[in-house]
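J.: Structure in structure tokens, see below.
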Amino acid sequence: MFYKKSGQFKTSYDADQAMLPLLQERISIFVILAVAFLVIPLVATTYVINSLLMPFLIYSLAAVGLNILVGYCGQISLGTGGFMAVGAISAWNIIERIPDMPVLAAFLLAGFITSATGVVFGLPALRIKGFYLAVTTLAAQFFLIWLLQQPWFLNYSATGVISAQDISVMGWTINTPVEKYLFVLVVVIVMTLLAKNIVRSVTGRKWMAIRDMDVAAEIIGIRPMATKLQAFAVSSFFIGIAGVLWGYLYLGQLEPAAFDVYVSFDVLFMVIIGGLGSILGSFLGAAFVVLMPLALSFLGGILGLGTAMVAYVETFTFGVLILLFLLAEPHGLAHILSVAKQQMRIWPFPY
Amino acid sequence: MTFFIEVVITGLLGGLMYSTVGLGFVLIFKASGIFNFAQPVMVLFAAMFIAGLNQEFGIPLWQAIPLVALLMIGVAWVIERFVLRPMVNQEPILTFMATIGIFFILLGLAEMFWGSENRTLNVGIPRGPVFIGDILLQSYRVYSSIIGFIVVLLVVLFTQKTKMGRVLRAVADDHQAAQAVGIRLTTVWWVVWSIAGLIAIVAAIIWGGSIGVQPIMVDVAFKAFPVLLLGGLTSIPGVIIAGLIIGAGESVANVYLGPLIGGGIGNWFPYIIAMVFMLYRPQGLFGEKIIERI
Amino acid sequence: MATQETLRVDPDVGEVLLRVENVELAFGGVRALNNVSFSVRRGEIFSIIGPNGAGKSSMLNCINGFYHPKTGSIIYKGNRRSRIRPHRAASQGIARTFQNIALFKGMSVLANIMTGRHLKAESTLVENAFFLGRARREEFDHRKTCEHIIQFLEIQQYRKSIVSTLPYGLQKRVELGRALAAEPELLLLDEPMAGMNLEEKQDMARFILDVNRQKGVTICLIEHDMGVVMDLSDQIVVLDHGGKIGEGTPDEIRINPHVVEAYLGVKQGEEA
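Protein chains in written order, with the working numbering: chain Y, 106 to 456; chain H, 21 to 314; chain L, 888 to 1159.
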């Protein structure tokens, strides 16, 4: 009843095409954004920002990137960690070695470098898919982490860990948690909008056509090679930027080894749990994967389990959740949400 | 020159150890078309349970191993009943992701039971150097490869000579035809995953004795994947030969190339070999060509 | 849809759009096509018929680049063609439907038909990302064209439905819509009426005729329903076991003894 669609007719393609055609959805988004921009900076503690909001936002961006590749274009990648590392380390090297490089330009450039790397390691997708492709993307994961640990990339740091330089954008130095949060928030929102536009456009349809039946896609003129590589490129750009944000605005330290294969799995879980082929799903999945360990360690604390045991239970629980989602709801949380919306539309009637 | 031969042969022997891990994967794939991403973790799981029972509960190895064998058969049953059967109509990519789920379940369980400390798993395979002519080798590797080779022979004998083996080959060839003659796929899958579990025990023993039993074993067992890609996922001779190639290649690269570019290349070298090979021949050395008809 | 003048090209004087010359195709040891030759003139409805396994689908696959003939050539719009990929064939104006429906299962009817506009879309990735200017205009233009096709095929109420939820007959219509969205010169239809009831067949026949008469699209059709074939076609070629056993107008084919024999005495109007 609250979610009625009736009475909201579209009289032009423009209106039908709008991202949030329903008034209720527009109001919800407005409220969420208002809270995000106005309320949280005033109210949230540093703990909440650092343990919850920052990982959530940055992982959401990485998940959007991976969803483009896996959910929309039907490929698979276990190299997400490696690509995040490429973004972070590239940005660091650019800023370190090119004096007076504007920060935003450096970040963008790091994104493009990651994009190019993604295309190179996406080449096998032209000949293989599924498991085979998953294994070759592991090649990317292991090779890139090794490569980025070579002394040159870290400017011969003795510890193997480098510190992110201070960054300022147009004179505004970003160093408090709230400032970092706002910067990340803006970046993530802007990039999500771009992603949404892309997936609803010709490009998005090309990707989905390749995903659903690449043989048929060819007969309408879609070139599988170019389209798949394009998906890798765009996806890697997003993931690279996520890596930059992770290193610069979250941790402050850049350590290639921290972007290990388990990061790749984590982002893949976010995409599966949140919903393949759904931008919203990427956010839902990221929230889930970020919150779950915190919930588990809270429970573990109550039950008196040690932190190591909590970590093991976490591993086990993720495995179980993956299975549950794949068995019961392969379309993830996003689908559950849209079903719930349908129910709300007709509530209080059952059908 | 002798040194070079030593490096190569050591690599060949090591490669056979990878093949042993991959063998279970090939069986599962042939019989059910499923890519078992959890295969490396099955090795760790078996290793940790054997070592754990042995060291935490004092159960002698010759008892622990059969117990874990029963455990693996039980695990196979659970997997078949609760994962494979419900997912039978799903697209392969989703089933593949389900095996990633199994990966984490088994990993988590093993750690929950036994923690993550390093344990030993010593069944008494002789160590120490051995000389074959002029060439110095590790006797452990020699024996491990022989064991691995015997396992392969047993598997081949099983599939060729026994009734169940024939059934497996029928299922691998054509699911529907097999069902049409009354073969129950669910039973076959349970058998195949059990065998894969038993092979994992062998791999667990030889790897456990070599590098110790701890979660990092998974990283090593992971290298079975490039071996599988190179060999072709449907071929037992393929996984052997690919293991030899990757083992030798990795060994040579580690010794001769590694120092030039920074060391520690063993982690990714097999993967890059597989990746480059996939660009030219996706079916691997001996796999069946993947044809898509409209 | 602006009504165009009926440009019914007289088959006697239409230029040859597609010529198949001595095409041979084999898979392993099996000969799928054996020295097949025929011509299709612009603006006509040309049918390929024959018993099952005669090589009809293989012939279509050669025309649109999925298979490459071992020997012989395909000459399209005057150009003798070497091995080309399907997307090249598409860019040359050839569109196609499939026997077993090759729709994009996860997408809606509208989205599927919009993918057919792919080759007409010129906006780049960056323009798409910002949805401005050309990207915006193109999207709406494509939408308009696709809506006309949807109207033409009478599937308006299904436009947002996911295609995998639709019945078979409707899916076939959507596939036709996707092929039409590309504004092809040559439309290859592989058993467009398979599995349809009488009413659906009549609708589909009407669509095919309208596409041919109103838009001047040349149609190359595989079909088993002899009644449909005889009613619609300007020219027919008959294949059996990979070889051509007859070619001509419906009247000529009807009395061709080889054809009659191959079909074991099936007459016009009966199902093959």
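All C-beta atoms in this analysis are idealised placements derived from N, C-alpha and C, irrespective of residue type, glycine included.
Note that the structure is predicted; figures quoted are calculated from it, not measured.
#1: Beta-carbon within less than 8 Å of Pro146 of chain Y's beta-carbon, same chain only, minus the 5 sequence neighbours each way: which residues are those?
#2: Can you confirm whether the region 352-368 of chain Y touches the region 241-254 of chain Y when touching is taken to mean that 3 or more C-beta pairs between the two stretches lie within less than 8 Å?
#3: Assign Glu270 of chain H to one of two classes, buried (16 or more other C-beta atoms within 10 Å of its C-beta) or exposed (fewer than that).
#4: Give the straight-line distance between the Cα atoms of Asp1 of chain H and Pro229 of chain Y, rounded to the nearest whole angstrom.
#5: Take Asn56 of chain H and list the residues in its own chain whose beta-carbon comes closer than 6 Å to its own, dropping the five residues that flank it on each side.
#6: For Pro329 of chain Y, would you say it is in contact with chain H, using Cβ-to-Cβ distances shorter than 8 Å as the test?
#7: For Gln335 of chain Y, return the contacting residues in chain L, with the cut-off set at a CB-CB distance below 8 Å.
#8: Taking the alpha-carbon positions, what's the Leu156 of chain H to Pro149 of chain H distance?
#9: Name the two residues that bound the continuous beta strand (DSSP E) containing Leu287 of chain Y.
#10: Spell out the partners DSSP gives Phe914 of chain L in its beta bridges.
#11: Does any residue of chain Y have a CB that is nearer than 8 Å to the CB of Met888 of chain L?
#12: How would you call Trp213 of chain H, buried or exposed, if buried means at least 16 neighbouring beta carbons within 10 angstroms?
#13: Can you find the residues in the same chain that come closer than 7 Å, C-beta to C-beta, to Ser978 of chain L, ignoring five residues on each side of it along the sequence?
#14: Could you give the C-beta distance for Gly352 of chain Y and Ala193 of chain Y, rounded to a whole number, given that I count them as a contact under 8 Å?
#15: I need the straight-line Cα distance from Gly959 of chain L to Asn966 of chain L, nearest angstrom please.
#16: Terminal residues of the continuous alpha helix (DSSP H) containing Cys1033 of chain L?
#17: Would you list the residues sitting across from Asn966 of chain L in a DSSP beta bridge?
#18: Comparing the C-beta of Phe1017 of chain L with each C-beta of chain Y, is any distance below 8 Å?
#19: Measure the C-alpha to C-alpha separation of Gly35 of chain H and Thr297 of chain Y and round it to an integer number of angstroms.
#20: Along chain H, which residues have their Cβ under 9 Å away from the Cβ of Gly192 of chain Y?
#21: Report the rounded CA-to-CA distance for Asn138 of chain H versus Gln234 of chain H, giving the unit in angstroms.
#22: Count the other CB atoms, across all protein chains shown, that sit within 10 Å of the CB of Leu1041 of chain L; report buried if there are 16 or more and exposed otherwise.
#23: Could you please give me the residues that DSSP links to Gln158 of chain H through a beta bridge?
#24: At a Cβ threshold of 8 Å, is Asn951 of chain L touching chain Y?
#25: Tell me Arg928 of chain L's beta-bridge partners as DSSP assigns them.
#26: If you run the structure through DSSP and keep just helix, strand and coil, what is Val1104 of chain L?
#27: Does the CB of Ser978 of chain L have a neighbour CB from chain B at under 8 Å?
#28: Is any beta-carbon of chain H found at less than 8 Å from that of Trp312 of chain Y?
#29: Please look up how many angstroms separate the CB atoms of Val272 of chain H and Gly31 of chain H, rounded, as I've assumed it's under 8 Å.
#30: In angstroms with no decimal places, state the Cα-to-Cα distance between Ser262 of chain Y and Leu253 of chain Y.
#31: Applying the 10 Å Cβ sphere with the 16-neighbour rule, what's the burial state of Ala1066 of chain L?
#32: Check whether the region 375-389 of chain Y and the region 221-238 of chain Y touch, using three or more Cβ-Cβ pairs below 8 Å as the test.
#33: Can a CB atom of chain H be found closer than 8 Å to the CB of Thr412 of chain Y?
#34: Quick one: residues in its chain with C-beta nearer than 6 Å to the C-beta of Leu372 of chain Y, no 5 flanking neighbours on either side, listed in chain order?
#35: Closest to Arg161 of chain H by CA distance: which of H:Leu126, H:Arg105, H:Glu26 is it?
#36: Consult DSSP for Ala1081 of chain L and reduce its assignment to one of helix, strand or coil.
T.: Put simply:
#1: Non-local C-beta neighbours of Pro146 of chain Y in its own chain, meaning closer than 8 Å and more than five positions away in sequence, comprise Val283, Tyr286, Leu287, ordered along the chain.
#2: Yes, since at least three Cβ pairs between the region 241-254 of chain Y and the region 352-368 of chain Y fall closer than 8 Å, the two stretches touch.
#3: It is buried - the Cβ of Glu270 of chain H has at least 16 other Cβ atoms within 10 Å.
#4: Because chain H here runs from 21 to 314, residue 1 of chain H falls outside it and cannot be looked at.
#5: Excluding sequence neighbours, Asn56 of chain H sits near Phe45, Ile48, Thr119.
#6: Output row for Pro329 of chain Y: interface = no.
#7: What Gln335 of chain Y touches in chain L: Leu1012.
#8: One alpha carbon belongs to Leu156 of chain H, the other to Pro149 of chain H, and they sit about 7 Å apart.
#9: Per DSSP, Leu287 of chain Y belongs to no beta strand (DSSP E); it is in the alpha helix (DSSP H), 282-304.
#10: DSSP output for Phe914 of chain L lists L:Val917 as bridge partner(s).
#11: Unreliable positioning characterises Met888 of chain L in this predicted model, as indicated by a pLDDT of 39, which lies under 50. The coordinate reading is nonetheless provided below. Chain Y, which has no Cβ nearer than 8 Å to the Cβ of Met888 of chain L, makes this no.
#12: Trp213 of chain H should be labelled buried.
#13: These residues qualify, in order along the chain: Leu1006.
#14: So it is a contact: roughly 4 Å between Cβ atoms.
#15: The C-alpha of Gly959 of chain L lies about 14 Å from the C-alpha of Asn966 of chain L.
#16: Taken as a continuous stretch (DSSP letters only), the alpha helix (DSSP H) holding Cys1033 of chain L covers 1020-1039.
#17: In DSSP, Asn966 of chain L forms a bridge with L:Tyr963.
#18: Judged by the 8 Å Cβ criterion, Phe1017 of chain L is in contact with chain Y.
#19: Gly35 of chain H and Thr297 of chain Y have their C-alpha atoms roughly 46 Å apart.
#20: Those within 9 Å of Gly192 of chain Y in chain H number zero; the least Cβ separation is about 19 Å.
#21: Within the model, the alpha-carbon separation for Asn138 of chain H versus Gln234 of chain H is close to 5 Å.
#22: Looking at the sequence itself, residue 1041 of chain L is Glu, so the reference to Leu does not match. Taking every protein chain shown into account, the CB of Glu1041 of chain L has fewer than 16 other CB atoms within 10 angstroms, so this residue is exposed.
#23: DSSP lists H:Pro149 as partners of Gln158 of chain H.
#24: Closer than 8 Å: yes.
#25: Beta-bridge partners of Arg928 of chain L (DSSP): L:Val903.
#26: Reduced to three states, the DSSP call for Val1104 of chain L is coil.
#27: The structure shown has no chain B; the protein chains it does contain are Y, H and L.
#28: For Trp312 of chain Y, not one C-beta of chain H is nearer than 8 Å to its own C-beta.
#29: Yes, Val272 of chain H and Gly31 of chain H are in contact; Cβ-Cβ is about 6 Å, under 8 Å.
#30: Taking the straight line from one Cα to the other gives about 12 Å.
#31: Using a 10 angstroms sphere on the CB of Ala1066 of chain L, the tally of other CB atoms reaches 16 or more, which defines it as buried.
#32: Taking a cut-off of 8 Å for Cβ pairs, the region 375-389 of chain Y and the region 221-238 of chain Y do not touch, as fewer than three such pairs fall below it.
#33: No, Thr412 of chain Y does not count as interfacial toward chain H.
#34: Sequence inspection shows Val at residue 372 of chain Y; the Leu mentioned does not correspond to that position. Around Val372 of chain Y: Ala167, Ala168, Leu171, Thr185.
#35: Taking Arg161 of chain H as reference, the option from H:Leu126, H:Arg105, H:Glu26 with the minimal CA-CA separation is H:Glu26.
#36: Three-state DSSP puts Ala1081 of chain L in coil, outside helix and strand.
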